[in-house]
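Chemist: Residue numbers (the numbering used here): 1265 to 1726. Ideal placement from N, C-alpha and C gives every residue a C-beta, glycine not left out. Provided herewith is a single structure, encoded as structure tokens, for subsequent inquiry.
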């Protein structure tokens, strides 16, 4: 019996999606070549260390994963990485609106937000449950094959804010909801498809614990990359893909010189804003081209203050804050190797773009000034700062995908489908944009699709 030929797969991008696709394909016996434009693996899973003292570190991209993220759990176990439950905050959390502050367990009447009597009793968590988490339970399980099982187009046609209004939310409640994590997609509740927000929340339900890799989340992509280091070619920026019915040739620039490599299949595992800059001949199908060209990315700016001690604990505070100030969300490091700590601000959307457009010095000054409103006395403990502006990263051009009204159901059928010999991976091709689980799901899916294409009749793994 003749031995089947070994098929060559060219993987574009050594982020978690590309690495997992390559890892699975190597295990299946394919000849894999990975082209990575940067000089490191990991993509948007990036850990900052050099800017800090005493072994402190900060994750600039993915920070954690959930106990329901089975692919991440499987991979960290396979590569024997140190994983711990993220400890819950101890102490009180600050909520700040319109310059007025309360503790999370305080009364929201101080904000003068014109909440309904019921909303005043519910508080922030109860309001989130009533208008978002509970409705999310009614849309079915988006992770199941064949979803959606009902007509959800009316939810995709409106923004999440309008959905809440239709269900009785006051404007004050919507202002409070804008302090929560659901406001960190795109331009927030006022811009995102309601269905996308409900899907995102539905896929979080059932989780009890949050995990993180001690020492930084980049340990996972680094471990995968190390296991197949000879297959990764760094400094190779892809410029063009020529494809045919039997294969594809990928052209790339390395230190100013153009080279090319031919293969049977290609996996595009890079953010769509970068894929838009690559010439593809013949072009992708109209449906795939629309997805790649129009799916927006969230602007994110993260600023990290190194502080000499955890001064907030003296006031029985957690160091966490939710605010309508441009810094938006504040929290300390998950793990603490030193008496020093890092206090981070996380901004998205227009706030992220405005902060990102400032000089480093001006951004540091503004973030410190706003943090001082939440944590008086912080200046005397602050030793320095660093940041990550994802819009300014030329290999990302943003952080993670989001959907405008009308986009989610239109793009859903095309997220993970191949186009000829080109396959697609990346968290933006999953239902979990911004999560490591989404990246791994997509990479494993692309590898499975290629195995089936190369060996017709092969059953998909369950």
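Taking the straight line between their C-alpha atoms, what separation do you get for residue 1674 and residue 1635?
Modeler: The straight-line gap from Cα to Cα measures roughly 41 Å.
Chemist: Pick out whichever of 1576, 1566, 1681, 1500 has its Cα sitting closest to the Cα of residue 1663.
Modeler: Out of 1576, 1566, 1681, 1500, 1566 has the C-alpha closest to the C-alpha of residue 1663.
Chemist: Which one of 1309, 1280, 1318, 1308 has the shortest CA to CA distance from residue 1600?
Modeler: The candidate whose alpha carbon is nearest that of residue 1600 is 1318.
Chemist: Taking residue 1455 as the reference, which of 1668, 1562, 1361 has the closest Cα?
Modeler: Comparing Cα positions, the closest option is 1668.
Chemist: Beta-carbon within less than 6 Å of residue 1451's beta-carbon, same chain only, minus the 5 sequence neighbours each way: which residues are those?
Modeler: Here the set comprises 1613.
Chemist: Please classify residue 1322 as buried or exposed, where buried requires at least 16 neighbouring CB atoms within 10 angstroms.
Modeler: By the neighbour-count rule (16 or more Cβ atoms within 10 Å), residue 1322 is buried.
Chemist: So residue 1524 and residue 1510 are supposed to be a Cβ contact under 8 Å. How far apart are they, rounded?
Modeler: So it is not a contact: roughly 16 Å between Cβ atoms.
Chemist: Measure the Cβ-Cβ separation of residue 1607 and residue 1583 and say whether it is below 8 Å.
Modeler: Yes, the Cβ-Cβ distance between residue 1607 and residue 1583 is below 8 Å.
Chemist: Return helix, strand or coil for residue 1603, following the three-state DSSP convention.
Modeler: Three-state DSSP puts residue 1603 in coil, outside helix and strand.
Chemist: Can you give me the start and stop residues for the beta strand (DSSP E) that residue 1570 sits inside?
Modeler: Per DSSP, residue 1570 belongs to the beta strand (DSSP E) from 1564-1571.
Chemist: For residue 1640, name the three-state secondary structure that DSSP assigns.
Modeler: Coil, per DSSP.
Chemist: Measuring straight from C-alpha to C-alpha, what distance separates residue 1417 and residue 1478?
Modeler: One C-alpha to the other measures close to 42 Å.
Chemist: Among residues of its own chain, excluding the 5 on either side of residue 1495, which ones have a beta-carbon nearer than 8 Å to its beta-carbon?
Modeler: The answer, listed in chain order, is 1286, 1290, 1296, 1297, 1298.
Chemist: Looking at residue 1711 and residue 1435, is the spacing between their C-beta atoms short of 8 Å?
Modeler: Against a cut-off of 8 Å, the Cβ pair of residue 1711 and residue 1435 comes out as no contact.
Chemist: Taking 8 Å as the cut-off, decide whether the C-beta atoms of residue 1506 and residue 1545 are in contact.
Modeler: Yes, the pair counts as a contact, with Cβ atoms nearer than the cut-off.
Chemist: Is the Cβ-Cβ distance between residue 1377 and residue 1440 less than 8 Å?
Modeler: Contact flag set, yes.
Chemist: Are there 16 or more other CB atoms within 10 angstroms of the CB of residue 1603, so buried, or fewer, so exposed?
Modeler: Per the 10 Å Cβ criterion, exposed.
Chemist: What distance in whole Å lies between the Cβ atoms of residue 1280 and residue 1703, which are believed to be in contact at a cut-off of 8 Å?
Modeler: The Cβ separation is near 4 Å, so the contact holds.
Chemist: Measure the C-alpha to C-alpha separation of residue 1642 and residue 1628 and round it to an integer number of angstroms.
Modeler: Rounded to whole angstroms, residue 1642 to residue 1628 spans 13 Å at the Cα level.
Chemist: Does the stretch 1482-1493 come close enough to the stretch 1688-1697 that 3 or more CB-CB pairs lie under 8 Å?
Modeler: No: the two stretches stay apart, fewer than three of their Cβ pairs being nearer than 8 Å.
Chemist: Going by DSSP, what residue range makes up the beta strand (DSSP E) through residue 1664?
Modeler: Per DSSP, residue 1664 belongs to no beta strand (DSSP E) and is neither H nor E.
Chemist: Just how far apart, CA to CA, sit residue 1596 and residue 1420?
Modeler: Spanning the two alpha carbons is a distance of roughly 35 Å.
Chemist: Where does the unbroken beta strand (DSSP E) through residue 1464 begin, and where does it stop?
Modeler: Unbroken run through residue 1464 is the alpha helix (DSSP H), 1458-1466; no beta strand (DSSP E).
Chemist: Pull up the distance between the alpha-carbon of residue 1380 and that of residue 1424, whole angstroms please.
Modeler: Between residue 1380 and residue 1424, the C-alpha separation is close to 19 Å.
Chemist: Check this for me: beta carbons of residue 1561 and residue 1590, under 8 Å apart or not?
Modeler: No, the pair does not count as a contact, with Cβ atoms beyond the cut-off.
Chemist: How would you call residue 1408, buried or exposed, if buried means at least 16 neighbouring beta carbons within 10 angstroms?
Modeler: It is exposed - the Cβ of residue 1408 has fewer than 16 other Cβ atoms within 10 Å.
Chemist: Give me, in chain order, the residues of the same chain whose beta-carbon lies closer than 6 Å to that of residue 1559; leave out the 5 immediate sequence neighbours on both sides.
Modeler: Closer than 6 Å at the Cβ level, and outside the excluded window around residue 1559, lie 1536, 1665.
Chemist: Residue 1334 lies in the alpha helix (DSSP H); which residues open and close that run?
Modeler: Here the alpha helix (DSSP H) through residue 1334 covers 1334-1342.
Chemist: Going by DSSP in three states, residue 1270 sits in which element: helix, strand or coil?
Modeler: In this structure, residue 1270 counts as coil in the three-state DSSP scheme.
Chemist: Find the nearest neighbour of residue 1480 within the set 1638, 1340, 1293, 1310, judged by alpha-carbon distance.
Modeler: Closest option to residue 1480, Cα to Cα, is 1310.
Chemist: With burial defined as no fewer than 16 other Cβ atoms inside 10 Å of the residue's Cβ, what is the status of residue 1270: buried or exposed?
Modeler: By the neighbour-count rule (16 or more Cβ atoms within 10 Å), residue 1270 is not buried but exposed.
Chemist: Return the first residue and the last residue of the beta strand (DSSP E) that residue 1587 is part of.
Modeler: Segment 1581-1587, the beta strand (DSSP E) holding residue 1587.
Chemist: Determine the contact status of residue 1501 and residue 1301, defining contact as a CB-CB distance below 8 Å.
Modeler: A contact, by the Cβ cut-off of 8 Å.
Chemist: Buried or exposed for residue 1413, going by 16 or more other Cβ atoms inside 10 Å?
Modeler: The residue in question, residue 1413, is exposed, as its Cβ has fewer than 16 Cβ neighbours within 10 Å.
Chemist: Give the range of the beta strand (DSSP E) segment to which residue 1550 is assigned.
Modeler: Counting along the chain, residue 1550 falls outside any beta strand (DSSP E), though it belongs to the alpha helix (DSSP H) covering 1550-1558.
Chemist: Ends of the alpha helix (DSSP H) at residue 1505?
Modeler: It is not in any alpha helix (DSSP H) - residue 1505 instead sits in the beta strand (DSSP E) that spans 1501-1507.
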